[in-house]
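For what it's worth, the numbering used here labels the leading residue of the sequence shown as 2, then goes sequentially. C-beta: ideal position from N, C-alpha, C; glycine also. Everything below concerns the one structure shown next.
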Amino acid sequence: MFQSRGSAGIVDKPFRQGRQEISLSSFAYLFSELVQYCQSRVSNISELERKLDEVGFGVGLRLLEVLCYRERGQRRETRLLDMLKFIHSTLWRYLFGRQARDLEQSNSAEDEYMISDTDLFVTKYVSVPREMGHLNPAAFVAGVVRGALDGAGFPARVTAHYVPVAGQPRPKTVILMKFSASVMQREQRMPGG
């Protein structure tokens, strides 16, 4: 509240500071506590994945704001493919330290896109008990992607799936995005679309 002449207040400090990293073990512990917290408030696996998605949604909204300010000079993408590239590269790099492995459009539907990656640390360090069956902790990441897309004006249904890979001990994680009809119509109306 009261400051001496030489010190700067919290409002006077610049927002643009270098990227802060936390240790993987700290994140793994925090994420496991989040899963346990959500698990204690649900009765089945689909509700748990929905809860993780909801938490991720809030993170995605806030992360979009921060990254647009820091990386893009407050500029947001207005084209669908550009936004997907932003998520595939910038957002993924911020979350996981590297860009996602693949960004693909579905062969069967023009409103479906997929981001796939292996060894996401939200799935790598989680052992799912037998009674939890097909729990996919990457629902949190799907929520982050959904939040970023929704915050940018591209509403979509986003889900996380495991896909087995021949010769690999662990399946890859695929984030499937199915965009609403309004997004696809807007995309067709835009010049060059």
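Near residue i, what residues of its chain come up, given a Cβ to Cβ distance below 7 Å and the 5 sequence neighbours on each side ignored?
i, result
"Asp1", "Absent from the model: residue 1. The displayed extent of the chain is 2 to 194, so no value can be given."
"Met133", "Ile46"
With DSSP as the reference, label residue i as helix, strand or coil.
i, result
"His89", "helix"
"Leu177", "strand"
"Met115", "strand"
"Ala140", "helix"
"Arg94", "helix"
"Thr79", "coil"
"Arg71", "helix"
"Val159", "strand"
"Val164", "strand"
"Gly154", "coil"
"Glu132", "helix"
"Tyr126", "coil"
"Ala29", "helix"
"Val43", "coil"
"Glu34", "helix"
"Ser1", "Beyond the ends of the chain as shown, which are 2 and 194, falls residue 1; an answer cannot be given."
"Gln189", "helix"
With which residues is residue i paired in a DSSP beta bridge?
i, result
"Leu104", "Ile116"
Within 10 Å of its beta-carbon, does residue i have 16 or more other beta-carbons around it, so buried, or fewer, so exposed?
i, result
"Ile23", "exposed"
"Leu96", "buried"
"Asp118", "buried"
"Tyr70", "exposed"
"Lys52", "buried"
"Val166", "exposed"
"Asp120", "exposed"
"Val159", "buried"
"Thr174", "buried"
Which same chain residues end up closer than 6 Å to residue i when comparing Cβ atoms and leaving out the 5 residues on each side of it in sequence?
i, result
"Met2", "Because Met2 carries a pLDDT of 42, less than 50, the predicted location of this residue cannot be relied on, and no value is offered for it."
"Glu105", "Met115"
"Glu72", "Thr91"
"Val145", "Gly57, Val60 and Gly61"
Could you tell me which of the options sits nearest to residue i, measuring between CA atoms?
i, options, result
"Asp103", "Ile116, Ala110, Ala140 and Leu92", "Ile116"
"Glu48", "Gly98, Glu72, Ala140 and Gly74", "Ala140"
"Ile88", "Arg171, Leu65 and Lys52", "Leu65"
"Thr124", "Thr160, Arg131, Asn137 and Glu113", "Asn137"
"Ser199", "Ser33, Gln37, Ile176 and Arg190", "In the structure as shown, the chain starts at 2 and stops at 194, and residue 199 therefore has no counterpart that could be examined."
Once the 5 residues before and after residue i are set aside, which same chain residues still bring their CB inside 8 Å of it?
i, result
"Ala157", "Arg147, Leu150, Asp151, Met178, Lys179, Phe180, Ser181 and Val184"
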